[in-house]
Every structure is written in C-alpha cells, then in structure tokens.
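In full-length UniProt numbering, the protein residues as written are 1 to 302.
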C-alpha cells in the first residue's frame, strides 16, 4: 500500500508545469461539488456567488486553477445532469479554457477524470437542444493530479494538488466511498445527516490529513503547497510550514479561494452582504495577506 509520502511524491513528480511571473494572475478554488440542483447539491446554495466571482476573475485576466472535487460525481451518476443544472457556470469555464486559462486537477469525488478516455467522452462536447447536435464544451482538456506553478525569474515552485493523497481511505478506496455515498449518505444528506467518512465533516480525520501533508512539505524543503479536500482554509505565516488550503465553495453562504497576483498570495472570501438600503450585493473580502511569495522561501523545517 502506498504511503501518503509516496502518493504526494507521485503527484509532484508528474505535475503539469506552468511558468509564471509577477504579472501573472491566478484564482484557485476547489471543492465546488457541483451537483444536480437537488436538495443534496451543496453547491446550489452558492452558485450565484461563485458565478459572479468567476466572472470577475475572467474579466480581470486571471487564470483559473480548480484543485479537485469540482464536480460531485459520487452522489451523481451523470455529468449531464450537473451540466444542465449549472449551464451558465460551465459556459463561463469554457471561456477560460478557450483562452488557455483553465487548469484542472482531479480529486476523490471526481477521480474518474484521471482517465483521459472518460474525460473525452463526457467533457469534450455536450448536446445543444437548440440546434439538435453536439457542440464543443472543453474539447481536449486534460485533468492532472498536480500542477506546479514555477516562477520564471526566481525559480520558486508552488505545488497545487487536491490533498486526498494524505487521506488513504479516500484515495485508495474511493470507489467504495462513492458507493456508500450514493446508496446511503445522499438520502441521509437530504435529511441533514453528514457523511462521517468525509474529512471536511470529521474533525479527527481532518487533523490527520493536515498533519501528514505538513510532514511531507517539511520533508520537501518547505515546498509551498496549496491543497483543498478538507474544506478548511489555511494561510500560514512566512517561516511556518508552507501549507495553504483554499477552503471550499460550499461553506454556508460563502466561498473561499486563494489569489496569486503581483507575486503575492492572498486568502479571499466572496459572500452576500446587505447594503444600508436593504439590497443585497456579492462582495469580495480579504481574509489573509497579501504576502510576498518570496517570503515563503524553500528551506528545511526542523
């Protein structure tokens, strides 16, 4: 059985390399868990917030990195049901892809995307009922287990992955977990009962996953690492173990993510706020940062 170390080593060794500089801009989200708009679809509550935020980032020239569990393919058998439920979101992501600004990572809930044949079959085109034929969706898109953002001048690397590599059950036995979710936990989720196997809803498991990930980072010269999976935002201070987590897009009434811009990193939240006249608006809130990427120097943590 592979250890967390070997799984993370593999994700890093096989990662897609993306060169960037201080003019580059990235928005990093994960754990959207886009579903079919049923009562079990946690994303549905925040889809307007997410769409507004992503539209902002597209207009501002950001590249979009999605760190896994974008689509909820444990609860849902069909991607088509998810596409039809959130068509506006996928049309916006399609624009990112056409502009070569979309970078996708698979997680445990969409682990089927590690199979290129599956991706080609389900994501390359979609049926447009208006014209009665298939049209391009994501074309030749490729999903990765990891992505490395490499700074052109400093050589600094930022390692992006979902993070379930440090969660042996959800990495090795994801098919069993998927079966349990579809048969047992989805109906119970509708009634408000949480899945105890999920690290996002099981604090003991969450701490174990974070501890294993931090250990791997420390053993790899404090490689700046950004993950998702646990849904818990993390933003370390320079000098600490460089383990970042972008949170999720299924927080109650808000989404969190990580921005990289002007050579700096920030943790942000988008939420609905009430103006003084009683109308609602979607606002961006800075939670942590911005901190210079260079302040997180690669070094051995004792």
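Cβ atoms here follow ideal geometry from the backbone N, Cα and C, with glycine treated the same way.
Taking 6 Å as the limit between beta carbons, can you name the residues of its chain near residue i, skipping five residues before and five after?
i: residue 294; result: none
i: residue 212; result: 4 and 166
i: residue 89; result: 51
i: residue 114; result: 106
i: residue 150; result: 17, 19 and 157
i: residue 301; result: Residue placement at residue 301 cannot be trusted, given a pLDDT of 47 that sits under 50; what the coordinates show is reported in the next sentence. The answer, listed in chain order, is 218, 222 and 241.
i: residue 11; result: 145, 146, 161 and 165
i: residue 127; result: 134
i: residue 49; result: 255, 270 and 282
Quick one: residues in its chain with C-beta nearer than 8 Å to the C-beta of residue i, no 5 flanking neighbours on either side, listed in chain order?
i: residue 250; result: 31, 32, 33, 42, 43, 45, 46 and 231
i: residue 284; result: 53, 56, 268, 269 and 270
i: residue 273; result: 280, 281, 282 and 283
i: residue 152; result: 19, 20 and 21
Can you name the start and end residues of the beta strand (DSSP E) that residue i belongs to?
i: residue 250; result: No beta strand (DSSP E) holds residue 250; DSSP gives it neither H nor E.
i: residue 4; result: First-last for residue 4: 4-13, but that is the alpha helix (DSSP H), not the beta strand (DSSP E).
i: residue 297; result: Looking at the DSSP string, residue 297 is not in any beta strand (DSSP E), and its letter there is neither H nor E.
i: residue 103; result: 102-105
i: residue 123; result: Element bounds for residue 123: not the beta strand (DSSP E) but the alpha helix (DSSP H), 116-123.
i: residue 134; result: 133-136
i: residue 290; result: 280-292
i: residue 66; result: 63-67
Compare the beta carbon distance of residue i and residue j with 8 Å and say whether it is the shorter of the two.
i: residue 144; j: residue 16; result: yes
i: residue 233; j: residue 246; result: yes
i: residue 64; j: residue 73; result: no
i: residue 138; j: residue 97; result: yes
i: residue 162; j: residue 82; result: no
i: residue 221; j: residue 241; result: no
i: residue 25; j: residue 62; result: yes
i: residue 35; j: residue 76; result: yes
i: residue 107; j: residue 278; result: no
i: residue 160; j: residue 255; result: no
i: residue 289; j: residue 29; result: no
i: residue 243; j: residue 217; result: yes
i: residue 8; j: residue 58; result: no
i: residue 259; j: residue 248; result: no
i: residue 122; j: residue 69; result: no
i: residue 118; j: residue 224; result: no
Note the first and the last residue of the continuous alpha helix (DSSP H) segment covering residue i.
i: residue 269; result: Taken as a continuous stretch (DSSP letters only), residue 269 belongs to no alpha helix (DSSP H), being part of the beta strand (DSSP E) at 264-274.
i: residue 44; result: Note, residue 44: premise wrong, no alpha helix (DSSP H); not H, not E.
i: residue 90; result: 87-98
Can you tell me which residues form a DSSP beta bridge with residue i?
i: residue 261; result: 25 and 264
i: residue 19; result: 150
i: residue 225; result: 159 and 243
i: residue 127; result: 134
i: residue 71; result: 34
i: residue 234; result: 245
i: residue 255; result: 270
Return the chain-ordered list of same chain residues with a C-beta closer than 7 Å to the C-beta of residue i, the five sequence neighbours on each side being excluded.
i: residue 22; result: 262 and 263
Which runs of the beta strand (DSSP E) fall wholly inside the region 140-174 and span at least 3 residues, in chain order?
Complete beta strand (DSSP E) runs here, min 3: 146-151 and 157-161.
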